[in-house]
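Taken in sequence, the protein lines are chains A and B. Positions in the first sequence are counted from 1; adding 37 to them yields the working numbering. Positions in the second sequence are counted from 1; adding 87 to them yields the working numbering. Here the structure comes first, spelled out in structure tokens, and everything after it is commentary.
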Amino acid sequence: MEDPSSILHRLQKTFRSGVTIPESFRRTQLQNLLALVQENEQLILDALHKDLSKPKFEAFLSEIDMVANDLHYTLDNFYSWMQLEYSSKNLATRMDKCFVRREPLGVVLIIGAWNYPLHLILLPLVGAIAAGNCVLLKPSEISQATEQLLAELIPKYLSKDCYSVVCGGAEYTKALLENKFDHIFYTGSQAVARTILQAAAVHLTPVTLELGGKCPCIIYGHIDIPSAARRLVWSKFFNAGQSCVAPDYVLCSAEIRDALLPAVRQTLKEFYGEDARAGPDMGRIINPHHWNRLMELLEKSRGKVVMGGEGYQEDRYIAPTVLVDVEESDILMQEEIFGPILPILTVKSLEEATDFVNRRAKPLAVYVFSDEHSVVTTVLENTSSGGFCANDGIVHMALPGLPFGGVGASGFGHYHGRWTFETFSHRRGCMMRSWALEKINVLRYPPYSDSNLSWLRWATSAKKSWISCSIM
Amino acid sequence: MERQVVERAREAFLSGKTRVLEFRLQQLRSLQKMITDRQAEIATALKQDINRSQYDTALFELIGIENEITLAVGKLGEWAAPRPVEKNLLTISDEVYVQPEPLGVVLIIGAWNYPWSLTLQPLIGAIAAGNAAVVKPSELSEHSSLLLRALLPRYLDQELYPVVTGGVPETQELLKQRFDHVFYTGNSTVGKVVMAAVARHLTPVTLELGGKSPCYIDKNCDLRVACRRITWGKFANCGQTCIAPDYILCEPSIQSRVVEAIRQTLLEFYGADTKSSPDYGRIINLRHFHRVMSLIEGYTAVLGGQSDPSQCYIAPTVLKDVPPHSRLMQEEIFGPVLPIVTVSDMDDAIHFINEREKPLALYIFCSDKTAVKKMIAETSSGGVTVNDVMMHYTLSSLPFGGVGQSGTGRYHGKHTFDQLSHQRACLVRSLGMEAVNLARYPPQDRRRARRARLALRSPMIDFSKRTFVWAVSATVVAFGLVVTLTVILLIASGLNCTCWYWEGWYT
């Protein structure tokens, strides 16, 4: 395996040559990436199935289509994103050209995750390419089949000098991080994120962290139970609950819980049939370690299992499981579950629900199900989270116009669509002054005088309706 | 003590006071009043800290702060409003927008060279964005720091915007607390320490650092005007400005003329005896005085070079033919010393700049627009001013910040508001229209899958050139058809037209 420093050195040299700057180069690479995804659908589906037993439908919707959609969107728009953005001017700069230039950062590192092993690494790559950077990709070693596939396909479709894939475990990543990158994009856990930040601080490298958290789902007020149940079940058990934006737990009143449970049971039967394990539409847990972690949580939880609960080690299957009578101190409420286990906690009021959410770390998403607009607004205004979705789950991720990212413990920075492009760009403020009007400039030079100062202050005094100028 | 201050600020934030825009506006207006009412005291403090003349104070600090407040007050409603974004088929009847929200409690660590603007400008954005902010002014500008601590609680909410003074131990104690954002202005060494310290809490940072900002002078430009502008920028605040032109790059043939132009300008600005000019500042303290003096040790200045440690005075100093690898060229000077390094041409200058860390600012003096564009395109820096120095800092619509070693993040105007806000993605759906949703649920088959994939497809509207051409031609053809139809209808309804075109028709 090539030493990471030498790969990085090569990428830096390529970047300095300026080959990634022209729009045509970026367009070709993006088109090649699209071809990679479109021409290798079956291989991708197979790899995802091997890693996570990902159902074909989920693989299309949440992996292949996510990447293809973003590529189409970026290909259509990135040229306009690249253009100079002329900024508004003040009186002093009226004769000047003032604009913002979006420039690539250099060589960026993208570290993927295992739950959506394709899109979590390729989506950032789309924006990084569009922004003109060279990229080092480090897919998750836990989703091995996809890792291998990416290592094989990327050099076949994309420029080998500009984009490299490296494979390795925790030790390898640690060594990798000793090098200087111009940006690090990490998707994963908080613990690793801290190490990455420490390593980045040494080189003053800017970082984007896409982490997780326990995404609450508040169900309150007047509500269409069957629809809510369907959307809740879909978002929770998609990818066997292994989504950073899956609704982690439910907060609702006892009455709603009692109405919800039969609807959930009905929905599970509709979706996955009598035996979810036998059907093709339920995914599996990524590996034995996580399967054990989840089974242990179930065992230690003091809640009551009302649906599911079975697990089979051979194929790392855990049935869609719902628990009630879960207390705040329960083991299921300590960490992000990241599995097909849904605890339902009861609250007596909306305020109790929002207080509960606010007592905990800011999550990646907050969900609320209600027909009442006031309930939705109350939850929106009284909580903080990376994203927010009312009356559905996960689908807010599919909109490239929305910035996808966390806040607080769920991370910082965001991406998708143009947001990725901006993440991997430096916005350079440029002012091209004219040589003329030196007579006006004289006001600012020493020797200072009261009259010059008065003129300047008058010229720059605060006026209510227009932006004041400032002459220095 | 620091922990309590931060906890109180957090409690005040959690009370929800700052969510109301009117509250933020009131705080901003109050801050404005503080600047207006206390101008004289601020000027005195600055004189004691750094021997800043009263004109420089207004010019370099107060005007900027006032403008930022006016802008924020005028635009806050717009900035804080939800920002709608593009939808897909699935969400066509939903509300899809980005809602800017406050982050929480922000820590603002100021610097000593412009102790008021570098502390208050981030504070303006923090207040506008609805955050609480702990303000930690630099202890090196002691008088300003103490004055700020006395004044701010009298004008702003005491719990939301506390001032913490002190040195390194106090700052370290502060950095142990959990903040939602840390905004630091200073040097890269401490910048690294700050970033590492807050990594524990996964706190995002804005680092406004420095570096050696190069100033390239093309031989074919108006040297007189160029050197006047450079002299102004270099020696204002005695060179202690993060975006001061650090060194000059020019061809050997114009070096002497550059020196002469600077000499003339210095005479115009400060008179024959700079030391007695009221408009020339001093070095902040003895430590920095010695630091700057040691950089020019062993070199003979062509201009200036005199110094007086008792006043922390260093004369405006210019050195020529400075070797690229001298100590003077290794670290940011941050003082009134201007080295000139010769390069063979613009390409050589570009190469020189790219060999070094990305600076906070790049200055290009050149009349050839093509050459200027080339230099901008082939280098990187936080910002650029062409044919002047520092002015890009003054336009609040331009994002101000560094890249690489010169920093991360940006601010000024709306950029501060955005930098200190969380852009929350919001999708508000209704539980109705479930029929559309059904396609995405299991059990899955090809037809359902195709419908679901279509509903989630993006972009909904194809913006490609082909579609655009098709749309335009279709519109033109349709318009043509409408016109033709109208004409035919008019003729059919018996319109008699006597113009020559129709005469042929009727005969």
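Glycine included, each C-beta is placed from N, C-alpha and C at the ideal position. Only a predicted model underlies this, so the values are computations on that prediction, with no experimental measurement involved.
Given a cut-off of 9 Å, decide if Leu-133(B) and Thr-275(B) are closer than it, judged by their beta-carbon atoms.
-> Checking the displayed sequence, the identity of residue 275(B) turns out to be Ser instead of Thr. In this structure, Leu-133(B) does not lie closer than 9 Å to Ser-275(B) by Cβ.
Measuring alpha carbon to alpha carbon, tell me which of Ala-388(B), Thr-472(B), Ser-454(B) and Arg-125(B) ends up nearest Leu-425(B).
-> Of the candidates Ala-388(B), Thr-472(B), Ser-454(B) and Arg-125(B), the one whose C-alpha sits nearest the C-alpha of Leu-425(B) is Ala-388(B).
Leaving out five residues on either side along the sequence, give the residues of the same chain with a beta carbon under 7 Å from the beta carbon of Phe-308(A).
-> Val-270 and Asp-318.
Taking C-beta pairs closer than 8 Å, name the residues in chain A that Phe-266(B) reaches, listed in chain order.
-> Near Phe-266(B) there are no residues of chain A at all, since even the closest Cβ is about 10 Å away, more than 8 Å.
Inter-residue Cα distance where the pair is Gly-629(B) and Leu-70(A) | Residue numbering for chain B in the displayed model covers 88 to 594; residue 629(B) lies beyond these limits and cannot be assessed.
Determine which residues share a DSSP beta bridge with Ser-394(B) and list them.
-> Beta-bridge pairing links Ser-394(B) to Ile-401(B).
Consider the Cβ of Thr-573(B): report whether some Cβ of chain A lies at a distance smaller than 9 Å.
-> By this cut-off, Thr-573(B) is not an interface position.
Run the CB neighbour count on Tyr-349(A), radius 10 Å, all protein chains shown included, and call it buried at 16 or more, exposed below.
-> Of the other Cβ atoms in all chains shown, fewer than 16 fall within 10 Å of the Cβ of Tyr-349(A); this residue is therefore exposed.
Coarse secondary structure for Ser-422(A), derived from DSSP in three states | Reduced to three states, the DSSP call for Ser-422(A) is coil.
3 or more residues per run - each beta strand (DSSP E) lying fully within the segment 268-349 of chain B = List check, beta strand (DSSP E) in window: 268-272, 292-295, 301-304 and 334-337.
Residues within the segment 272-290 of chain B neighbouring chain A, beta-carbon criterion of under 9 Å = Within the segment 272-290 of chain B, the residues whose Cβ lies closer than 9 Å to some Cβ of chain A are Ser-275, Gly-278, Lys-279, Val-280, Val-281, Met-282, Ala-283, Ala-284, Val-285, Ala-286, Arg-287, His-288, Leu-289 and Thr-290, listed in chain order.
With 16 other Cβ atoms within 10 Å as the buried cut-off, status of Phe-555(B) | With fewer than 16 Cβ atoms within 10 Å of its Cβ, Phe-555(B) is classed as exposed.
N- and C-terminal bounds of the alpha helix (DSSP H) containing Tyr-116(A) | For Tyr-116(A), the enclosing alpha helix (DSSP H) starts and ends at 102-119.
For Asp-309(B), return the contacting residues in chain A, with the cut-off set at a CB-CB distance below 7 Å.
-> Result: Trp-472.
Taking the alpha carbon of Tyr-271(B) as the point to measure from, which residue in Asp-305(B), Leu-112(B), Pro-209(B) and Gly-191(B) has its own alpha carbon closest?
-> Just measuring C-alpha positions, the residue of Asp-305(B), Leu-112(B), Pro-209(B) and Gly-191(B) sitting nearest Tyr-271(B) is Pro-209(B).
The beta strand (DSSP E) enclosing His-220(A), as first and last residue numbers = Counting along the chain, the beta strand (DSSP E) containing His-220(A) begins and ends at 220-224.
Report the partner residues of Ser-488(A) according to the DSSP bridge assignment.
-> Per DSSP, none; premise fails for Ser-488(A).
Which partner residues of Pro-141(A) appear in the DSSP bridge assignment?
-> Ser-462(A).
Flag this pair as yes or no: are the beta carbons of Phe-449(A) and Thr-245(A) separated by less than 9 Å?
-> Yes; because the gap between Cβ atoms is below 9 Å, this pair is in contact.
For Glu-247(A), which of helix, strand or coil comes out of DSSP?
-> Assignment of Glu-247(A) by DSSP, reduced to helix, strand and coil, places it in the strand class.
In this structure, does DSSP put His-412(B) in helix, strand or coil?
-> Three-state DSSP puts His-412(B) in coil, outside helix and strand.
Can you tell which of Val-405(A), Ser-54(A) and Leu-67(A) has the C-alpha that lies nearest to the C-alpha of Tyr-257(A)?
-> Ranking the options by Cα distance to Tyr-257(A), first place goes to Val-405(A).
Express the C-alpha separation of Ala-522(B) and Glu-409(A) in angstroms, rounding to a whole number.
-> So the two alpha carbons sit approximately 20 Å from each other.
Tyr-200(A) vs Val-172(A) beta-carbon contact at 9 Å = Yes, Cβ-Cβ distance for Tyr-200(A) and Val-172(A) is below 9 Å.
Does any C-beta atom of chain A lie closer than 9 Å to the C-beta of Ile-463(B)?
-> Ile-463(B) counts as touching chain A.
Measure the C-alpha to C-alpha separation of Arg-353(A) and Ala-283(A) and round it to an integer number of angstroms.
-> In a straight line, the C-alpha of Arg-353(A) is about 19 Å away from that of Ala-283(A).
Which bits of chain B does Gln-303(A) rub up against, with CB to CB less than 9 Å?
-> Within 9 Å Cβ-Cβ: nothing; Gln-303(A) doesn't reach chain B, min ~12 Å.
Partners in chain A for Leu-543(B), counting only beta-carbon separations shorter than 8 Å | What Leu-543(B) touches in chain A: Leu-98, Asp-102, Asn-106, Val-432 and Ala-435.
Give the secondary structure of Ser-508(B) by DSSP, where H, G and I count as helix, E and B as strand, and everything else as coil.
-> Of the three classes helix, strand and coil, the one that applies to Ser-508(B) here is strand, per DSSP.
If you pair each beta-carbon of the segment 442-459 of chain B with each one of the segment 489-503 of chain B, do three or more pairs fall below 8 Å?
-> They touch, by the three-pair rule.
For Gln-126(B), which option in Glu-148(B), Val-107(B), Arg-116(B) and Glu-109(B) has the closest C-alpha, if you only look at C-alpha atoms?
-> Of the candidates Glu-148(B), Val-107(B), Arg-116(B) and Glu-109(B), the one whose C-alpha sits nearest the C-alpha of Gln-126(B) is Glu-148(B).
Give every residue of the same chain whose Cβ lies closer than 7 Å to the Cβ of Gln-398(B), excluding the five residues on either side of it in the sequence, and list them in chain order.
-> The residues are Arg-369.
Using three-state DSSP, classify Met-468(A) as helix, strand or coil.
-> Of the three classes helix, strand and coil, the one that applies to Met-468(A) here is strand, per DSSP.
Kindly give me the distance between the Cβ atoms of Gly-442(A) and Gly-423(A), rounded to whole angstroms, as I take these residues to be in contact under 8 Å.
-> Indeed they touch by this definition, with Cβ atoms about 6 Å apart.
N- and C-terminal bounds of the alpha helix (DSSP H) containing Glu-521(B) | Run containing Glu-521(B): 521-524, per the alpha helix (DSSP H) assignment.
Could you name the residues that DSSP lists as bridge partners for Val-515(B)?
-> DSSP output for Val-515(B) lists Ala-427(A) and Glu-182(B) as bridge partner(s).
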